[in-house]
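Position one of the sequence shown corresponds to residue -13 (this note's numbering), numbered consecutively onward.
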Amino acid sequence: MGNINTNKPEKVYMRIRQQEKFIETVAKVADEEGINENLINEVKERFGNFEDLGLEETLKKMSQYGWLDRNLEIVEKRFAYVVKSVIDADESQLVNLENAFYELGQEVETDYEGKPIRYVYDAIRDMLLDGGKTEEINQIINEEYDEIVWSRVRPTTKKYWDEMGIDFAKYYLKLRSRFIQGMLEKTDIKFEKLDDTVCQLVRR
């Protein structure tokens, strides 16, 4: 059924901000578990920060050549780096990271009552920095009122994890799934991975 969800600048901005929350969550786990209390400053020194000027001013910056590409790369590398730092120090911390991401997902309110499941799909999609400024990495395979199945056709985020030598599927996709499950905890919708690239949302 084709590619969906246009990557409007406003959506990209909100996804970047959400990814910054992911980074802060990982850094908090590192601090609380005594792994690295200075991780948030360490990642800033290494890669810099997303230049968040607020929605209106950031949207103006996005129109400047190279600005968005540069900032997307910063936040992608920041996320991969903090996860790698925690996992390299103690791989058993993956459980704590998963729990933290689940709790973060619980904070998101999705009002979908009386709406097709596509509404929930879009709500999830708008929280995750998958793809860059224009490309869409998901392709709908099947869409019904109570079920939607999609395939990831462009795993653009993966290259940053590969560059740092951290398993994309084992860590990124697992944390991503836990965040989504947290979002859906109070709903009658279930998120499932059918294989490495295909996922579905279905009403139970």
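Note that beta-carbon positions come from the ideal geometry of N, C-alpha and C, so glycine has one too.
- Message: Whole angstroms are fine: how far does the CA of Ala109 sit from the CA of Met(-13)?
- Response: Caution applies to Met(-13), whose pLDDT of 37 falls short of 50 and renders its modelled position unreliable; the model cannot decide the point.
- So what does DSSP say about Lys7, is it helix, strand or coil? Under the three-state reduction of DSSP output, Lys7 falls in the helix class.
- Query: Which residue from Ile175, Ser163, Lys70 puts its Cα closest to that of Glu149?
  - Reply: The shortest Cα separation from Glu149 among Ile175, Ser163, Lys70 belongs to Lys70.
- Straight-line Cα distance separating Met113 from Ile60: Straight-line Cα distance between these residues: approximately 18 Å.
- Compute the Euclidean distance between the alpha carbons of Asn82 and Val15, then round it to the nearest angstrom. Cα to Cα, Asn82 sits roughly 7 Å from Val15.
- Query: Could you check where the beta strand (DSSP E) with Glu129 kicks off and where it finishes?
  - Reply: Segment 124 to 130, the beta strand (DSSP E) holding Glu129.
- Message: Which of the three DSSP states is assigned to Gln50 in this structure?
- Response: Residue state for Gln50 is assigned as coil, using DSSP reduced to three classes.
- Task: With distances taken Cα to Cα, identify the nearest neighbour of Ile9 among Trp53, Arg138, Gln79, Leu25.
- Result: Relative to Ile9, the option among Trp53, Arg138, Gln79, Leu25 whose CA is nearest is Leu25.
- Please report the residue range of the alpha helix (DSSP H) in which Gln92 lies. Taken as a continuous stretch (DSSP letters only), the alpha helix (DSSP H) holding Gln92 covers 80 to 92.
- Touching by the beta-carbon criterion (3+ pairs, under 8 Å), the region 129 to 141 and the region 95 to 107: Enough Cβ pairs lie closer than 8 Å, so yes.
- Query: Are there 16 or more other CB atoms within 10 angstroms of the CB of Gly151, so buried, or fewer, so exposed?
  - Reply: Flag for Gly151 reads exposed.
- Message: Here's the rule I'm using: 16 or more other beta-carbon atoms within 10 Å means buried, otherwise exposed. How should Val68 be labelled?
- Response: By the neighbour-count rule (16 or more Cβ atoms within 10 Å), Val68 is buried.
- Query: So which of Glu95, Glu23, Glu19 has the shortest CA-CA distance to Gln167?
  - Reply: If we check each option's Cα against that of Gln167, Glu95 comes out closest.
- Task: Might you give, ordered along the chain, the residues of its own chain that have their beta carbon closer than 6 Å to the beta carbon of Arg164, omitting 5 neighbours on each side?
- Result: Glu84, Phe87, Tyr88.
- Task: Counting only the same chain and skipping the five closest in sequence on each side, list residues whose C-beta sits under 8 Å from that of Phe33.
- Result: Result list for Phe33: Ile60, Lys63, Arg64, Tyr67, in chain order.
- For Arg162, which residues of its own chain have a beta-carbon under 7 Å away from its beta-carbon, when the five flanking residues on both sides are left out? Non-local C-beta neighbours of Arg162 in its own chain, meaning closer than 7 Å and more than five positions away in sequence, comprise Leu114, ordered along the chain.
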